[in-house]
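Residue numbers (the working numbering): 10 to 449. Have a look at the structure below before the remarks.
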């Protein structure tokens, strides 16, 4: 990834003491200017409803159609957009709606890649929720096709465009804490389940197309409250657990500020998933090669559930108890403690940085940034050229949790784990017959 800096004026002020550095943008292709963006949503409620609401903040946005497998979840979107067309099969929407410019894909994780790929193959610009895909191979392919077809793309990691993110990137790239040697990041969420799948079969609700909800995943019976809605995040075949859910947010500033490439190795020392669900407690350790922002190698550790960084690391961050989510950056010249959504970043030791006044670099609206880029105005800041590799690294950590206490040697160019061959079975998935998508 070759970063392009924004102007010096936008970057100045990361620290009042004079530490200043460019914030990293990844530029992408632009579209021809248009007054109105004709848009479709895959999903109508939950995260999809939130995405539609945010995208509709643009006066240039028109919601033409939605695809929703559960017709019991369309009342709100129909109330707000009375003329919207509703499809229960996403493939039918793409086949019939020929005047679209863009789409958002806000479904369960396992359907992100197939829907996004089909949309891009039809030349549509895409806003896809995080994690971009459910497998590493899918992430690689989406980034490849987006580049080939000059698609405007954006992953739904809103913090990437927020002032908090930009300020963290500015501080780290200013050299305030020197070269970064270690990062510890965590989330207190626990999207997992230690219980076995219930041995029962329930009637499918009349408004739900269960076959369409399963999509590319293997066929299985419906179990009320186990998959839909929301609980799918815990399940191996549909979600990516806490790490896939929150890692894309919390590690985004880490990847952007340090300009990380692919890791060379990963090791899971947390709990194993069971036959159906992700573990509650995750502890994943990476080694990344050197960048201009890091020491010779960068060690990154992720924790979830009730796991947290060791007390000696928390003490370096000046805390007896860290926030429920966040990161600690250990540099050669200092430490940065960055709580996620619970306050501003703090530089340590206090005595060294007592006169340094951290200033916020102004943020942008992540959603409106996408709409304007589709119209030909500006660029997206989290296109697939950036968010694809980010997703790959996080999904590699999810994969590693299946191989407890084994160090996996990763060859990113080959999309291959060199030393534990069985692990490569999880780099790519086989789609259910009849649900195959070209390019995946």
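For glycine and all other residues, C-beta sits at the position ideal for the given N, C-alpha and C. None of the values given here were measured: they were computed from a predicted structure.
Backbone secondary structure at residue i - three-state DSSP
{"i": "residue 344", "result": "strand"}
{"i": "residue 311", "result": "strand"}
{"i": "residue 419", "result": "strand"}
{"i": "residue 220", "result": "helix"}
{"i": "residue 112", "result": "strand"}
{"i": "residue 335", "result": "strand"}
{"i": "residue 297", "result": "strand"}
{"i": "residue 276", "result": "strand"}
{"i": "residue 51", "result": "strand"}
{"i": "residue 390", "result": "coil"}
{"i": "residue 30", "result": "Any reading at residue 30 is ruled out, since the residue's pLDDT is 33, under 50, leaving its predicted position unreliable."}
{"i": "residue 446", "result": "coil"}
{"i": "residue 203", "result": "coil"}
{"i": "residue 351", "result": "coil"}
{"i": "residue 292", "result": "strand"}
{"i": "residue 76", "result": "strand"}
{"i": "residue 367", "result": "strand"}
{"i": "residue 37", "result": "Residue placement at residue 37 is flagged as unreliable, the pLDDT there being 35, under the threshold of 50; a coordinate-derived value is accordingly withheld."}
{"i": "residue 305", "result": "strand"}
{"i": "residue 244", "result": "strand"}
Cut-off 6 Å between Cβ atoms - residues of its own chain near residue i, not counting five sequence neighbours on either side
{"i": "residue 190", "result": "304 and 339"}
{"i": "residue 437", "result": "144 and 146"}
{"i": "residue 130", "result": "none"}
{"i": "residue 440", "result": "225"}
{"i": "residue 96", "result": "76 and 102"}
{"i": "residue 128", "result": "112 and 135"}
{"i": "residue 375", "result": "167 and 170"}
Alpha helix (DSSP H) segment containing residue i, residue limits
{"i": "residue 264", "result": "261-267"}
{"i": "residue 174", "result": "172-182"}
{"i": "residue 129", "result": "121-130"}
{"i": "residue 323", "result": "320-325"}
{"i": "residue 424", "result": "Careful: residue 424 lies outside any alpha helix (DSSP H) and carries neither H nor E."}
{"i": "residue 152", "result": "145-157"}
{"i": "residue 86", "result": "84-89"}
{"i": "residue 99", "result": "99-105"}
{"i": "residue 377", "result": "375-383"}
Cβ-based burial, residue i [other Cβ within 10 Å; buried from 16]
{"i": "residue 37", "result": "Bear in mind that the predicted position of residue 37 carries a pLDDT of just 35, short of 50, making it unreliable; the figure below should be weighed with that in mind. Answer is buried; the Cβ neighbour count reaches 16."}
{"i": "residue 427", "result": "exposed"}
{"i": "residue 348", "result": "buried"}
{"i": "residue 229", "result": "exposed"}
{"i": "residue 260", "result": "buried"}
{"i": "residue 447", "result": "exposed"}
{"i": "residue 363", "result": "exposed"}
{"i": "residue 113", "result": "buried"}
{"i": "residue 324", "result": "exposed"}
{"i": "residue 210", "result": "exposed"}
{"i": "residue 298", "result": "exposed"}
{"i": "residue 110", "result": "buried"}
{"i": "residue 307", "result": "buried"}
{"i": "residue 281", "result": "exposed"}
{"i": "residue 30", "result": "Its pLDDT being 33, under 50, residue 30 is placed unreliably by the model, and the measurement read from it follows with that caveat. Counting Cβ neighbours within 10 Å, residue 30 comes out buried, since at least 16 surround it."}
{"i": "residue 45", "result": "exposed"}
{"i": "residue 410", "result": "buried"}
{"i": "residue 33", "result": "Caution applies to residue 33, whose pLDDT of 33 falls short of 50 and renders its modelled position unreliable; the value that the coordinates give is listed next. Buried, by the Cβ-count rule."}
Host beta strand (DSSP E) of residue i (start-end)
{"i": "residue 68", "result": "That residue, residue 68, is in no beta strand (DSSP E); it is neither H nor E in DSSP."}
{"i": "residue 193", "result": "189-196"}
{"i": "residue 439", "result": "No beta strand (DSSP E) holds residue 439; DSSP gives it neither H nor E."}
{"i": "residue 235", "result": "Counting along the chain, residue 235 falls outside any beta strand (DSSP E), and DSSP gives it neither H nor E."}
{"i": "residue 137", "result": "134-138"}
{"i": "residue 94", "result": "94-96"}
{"i": "residue 356", "result": "355-357"}
{"i": "residue 163", "result": "162-165"}
Close-in-space but distant-in-sequence residues of the same chain around residue i (CB under 7 Å, 5 per side omitted)
{"i": "residue 67", "result": "377 and 380"}
{"i": "residue 328", "result": "346"}
{"i": "residue 216", "result": "79, 80 and 81"}
{"i": "residue 442", "result": "none"}
{"i": "residue 214", "result": "81"}
{"i": "residue 391", "result": "163, 164, 166 and 169"}
{"i": "residue 416", "result": "274 and 276"}
Same chain, Cβ closer than 8 Å to residue i, five either side skipped, listed in chain order
{"i": "residue 404", "result": "140, 142, 143, 144, 145, 148, 249 and 253"}
{"i": "residue 331", "result": "195, 317, 318, 323, 337, 346 and 348"}
{"i": "residue 352", "result": "332"}
{"i": "residue 372", "result": "170, 171, 172, 173, 174 and 175"}
Contact test: residue i Cβ vs the ligand FAD heavy atom, cutoff 7 Å
{"i": "residue 274", "result": "With respect to small molecules bound, the structure shown includes none, and the ligand FAD cannot be examined in it."}
Three or more beta-carbon pairs under 8 Å between the stretch 158-177 and the stretch 284-291, yes or no?
-> no
Is there contact between the stretch 152-160 and the stretch 259-276, where contact requires at least three CB pairs shorter than 8 Å?
-> no
Contact the stretch 47-54 vs the stretch 76-90: 3+ CB pairs below 8 Å | yes
Mind the definition here: the stretch 237-254 touches the stretch 117-134 only if three or more C-beta pairs lie below 8 Å; say whether that holds.
-> yes
Check whether the stretch 297-313 touches the stretch 190-209, counting contact only when three or more Cβ pairs, one atom from each stretch, lie closer than 8 Å.
-> yes
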